[in-house]
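Chemist: Okay, handing you the structure first.
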Amino acid sequence: METFALRPAIYFGDDALSALEALAGKRVLIVTDDFLAHKSGLLPRVTAHLKGALTEVFSKVTPDPSLRLVAEGVRALRDFSPDAVLAFGGGSPMDCAKAMRHFSDRPGLLFYAVPTTAGTGSEVTSFAVLTDTDAGVKYPLVDDALLPDAAILDASLLAGVPGPVTADTGMDVLTHASEAYVARKANAFTDALAERAFVLAWENLIKAHAAKGEHPAKEQMLLASCMAGIAFNGAGLGANHALAHSLGGRYHTPHGRLNAMLMPHVIRFNAEEPAAAKKYAALAKACGLAPNARALSSALGRLRQSLGMPGRLTDCGVERKTVLADLEAITAAALADVCMPGNPRSAAAAELAAIVREV
Ligand code: NAD
């Protein structure tokens, strides 16, 4: 038997933010980062729909939220005692808000998510990725209790996303879609969403990256991000994400940037497994490429270059000798990562180490 669960409700399109009116008159804790709360000018777009609500803003979220930050957030949540938590931001505020709500142990606390990057798909997933800064380890919590009640997609919020963030987050979408498509638990429903998400992101990422202000390609990327999130939430991920979490916990390189570096190598590794090779060929064909895994892997490398993204950790300020010294710990953390069992091909430590040496 296979299963595919549908949750949360997704609101998208021009007036999607009006779905927030369901929270009118309630006590709402908004979880976001400093830029979005105080510098972007975007927060009033959200609060305008919370008529009569008593709001408090927790804006201390930083990229790759730490356990310490979550603990601080839980205290803020308990002090304010909201009826609803509203996550407003990229993956970092959404994951921090998910963990805050979870660890505050308040049954019935509503959870709405409004993504401002395209992206992590966190608005529709049971994942919250946290970082233990003392141990230098980043890992996803996975629990259906983390799922939001509503995901609200308004692409106009993405108008001012800086180019490098559009590139990093967009490559994250392609990684989610490609990993979900070949993952061990993939099924007919997750395949449909993963394939569509991959093609949409493939067709729109360069345009979204080049566009200043609002642009239809940004809306397509936001839809692709959400579809890829639903796909991997059902199908799982794989070695790409396991390695990105391990490297991200140590070196704090943006998540999507690491995924983009690793993806061509992970695809070539997985393509030794015939079932995965067949699926990569189908993705390549759907994007108008030669129908094989090598063409897909090469095209993703070229896309990364076109977006001006680095291909090696040394380009991100991580010294080669540091990576080589950490290699054993990097592969051990990846093998222990919750995403690893989803990979279509079993990987030994030495095989993961060989991939890390390539980046
Ligand atoms: P992010 O949330 O860390 O944001 C990156 C930067 O973009 C921040 O400086 C932020 O202020 C800025 N930004 C966000 N929205 C903006 C906007 N509309 N305009 C201008 N600037 C904006 O980045 P992210 O890539 O969205 O999230 C990364 C985090 O999500 C990582 O911790 C990653 O591991 C995690 N993640 C979670 C899941 C999941 O399912 N929960 C999946 C993938 C990744």
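At position 81 of the sequence shown (counting the first as 1) the number is 82 in the numbering used here, and the numbers step up by one without a gap. Note that CB positions come from ideal geometry on N, CA and C, so glycine has one too. Treat the numbers as computed from the prediction; the structure is a model and nothing was measured.
For Phe128, list the residues DSSP reports as bridge partners.
Modeler: According to DSSP, Phe128 bridges with Val143.
Chemist: On the criterion of 16 or more Cβ atoms from any shown chain inside 10 Å, does Arg76 qualify as buried, or is it exposed?
Modeler: By the 10 Å Cβ count, Arg76 comes out exposed.
Chemist: Taking the beta carbon of Met228 as the centre, do at least 16 other beta carbons fall within 10 Å, making it buried, or is it exposed?
Modeler: Met228 is buried by the Cβ-count criterion.
Chemist: Tell me which residue opens and which closes the alpha helix (DSSP H) that Pro45 is part of.
Modeler: Unbroken alpha helix (DSSP H) run through Pro45: 44–48.
Chemist: Compute the Euclidean distance between the alpha carbons of Pro345 and Leu238, then round it to the nearest angstrom.
Modeler: If you take the alpha carbons of Pro345 and Leu238, they lie about 9 Å apart.
Chemist: How is Glu215 classed by DSSP in three states: helix, strand or coil?
Modeler: Coil, per DSSP.
Chemist: From the DSSP output, in three-state form, read off Glu352 for me.
Modeler: Here Glu352 sits in helix by DSSP.
Chemist: Pick out whichever of Lys279, Asn241, Leu70, Met101 has its Cα sitting closest to the Cα of His266.
Modeler: If we check each option's Cα against that of His266, Asn241 comes out closest.
Chemist: Between the C-alpha atoms of Thr315 and Arg295, what's the straight-line distance to the nearest angstrom?
Modeler: Going by the C-alpha atoms only, they are around 25 Å apart.
Chemist: Taking the continuous beta strand (DSSP E) assigned at Asp327, which residues delimit it?
Modeler: No beta strand (DSSP E) contains Asp327, which is instead part of the alpha helix (DSSP H) from 321–337.
Chemist: Any idea what DSSP makes of Asp133, helix, strand or coil?
Modeler: Three-state result, Asp133: strand.
Chemist: Say yes only if the C-beta of Leu224 is nearer than 8 Å to one or more non-hydrogen atoms of the ligand NAD, and no if none qualify.
Modeler: No; taking the cut-off as 8 Å, the Cβ of Leu224 has no heavy atom of the ligand NAD nearer than that.
Chemist: Does Pro302 come out as helix, strand or coil in the three-state DSSP assignment?
Modeler: Reading off the sequence, residue 302 comes out as Gly, not Pro. Residue state, collapsed to three classes: helix.
Chemist: Which residues in the same chain have their Cβ closer than 6 Å to the Cβ of Ala364, if we skip the five residues on either side of it in sequence?
Modeler: Only positions 2 to 360 of the chain appear in the structure, and residue 364 is not among them; the question remains open.
Chemist: On a Cα-Cα basis, can you pick out the residue from Ala261, Ala10, Leu328 that is closest to Thr170?
Modeler: Looking at the Cα atoms, Ala261 is the closest of the given residues.
Chemist: How is the beta strand (DSSP E) around Ala243 delimited, first residue to last?
Modeler: Run containing Ala243: none in the beta strand (DSSP E); it sits in the alpha helix (DSSP H), 240–252.
Chemist: Heavy atom of the ligand HEM less than 8 Å from the Cβ of Pro64, yes or no?
Modeler: This structure lacks the ligand HEM; the ligands present are the ligand NAD.
Chemist: Shortest alpha-carbon distance to Ala119 belongs to which of Thr167, Ala300, Leu147, Ala232?
Modeler: Among Thr167, Ala300, Leu147, Ala232, the Cα nearest to that of Ala119 belongs to Thr167.
Chemist: Pop quiz: Leu284 and Ser179 are said to be a contact at Cβ under 8 Å. What is the actual Cβ separation, rounded to whole angstroms?
Modeler: Yes, Leu284 and Ser179 are in contact; Cβ-Cβ is about 6 Å, under 8 Å.
Chemist: Alpha carbon to alpha carbon, how far is Pro165 from Phe13? Give it in angstroms, no decimals.
Modeler: About 25 Å.
Chemist: To the nearest angstrom, how far is the alpha carbon of Leu24 from that of Leu51?
Modeler: Leu24 and Leu51: Cα-Cα distance of roughly 6 Å.
Chemist: With distances taken between CB atoms, is the gap from Ala195 to His177 smaller than 9 Å?
Modeler: Contact: yes.
Chemist: Answer yes or no: the CB of Met95 versus the heavy atoms of the ligand NAD, is any distance below 8 Å?
Modeler: Correct: Met95 has its Cβ closer than 8 Å to the ligand NAD.
Chemist: Taking the alpha carbon of Trp203 as the point to measure from, which residue in Val174, Lys186, Tyr182 has its own alpha carbon closest?
Modeler: The candidate whose alpha carbon is nearest that of Trp203 is Val174.
Chemist: Report buried or exposed for Met2, applying the criterion of at least 16 other Cβ atoms within 10 angstroms of its Cβ.
Modeler: When all chains shown are included, Met2 counts as exposed.
Chemist: Closest by CA to Gly343, which one among Ala184, Gly91, Ala114?
Modeler: Nearest C-alpha to Gly343: Ala184.
Chemist: Cβ atoms of Leu111 and Asp84: under 9 Å apart, would you say?
Modeler: Contact flag set, yes.
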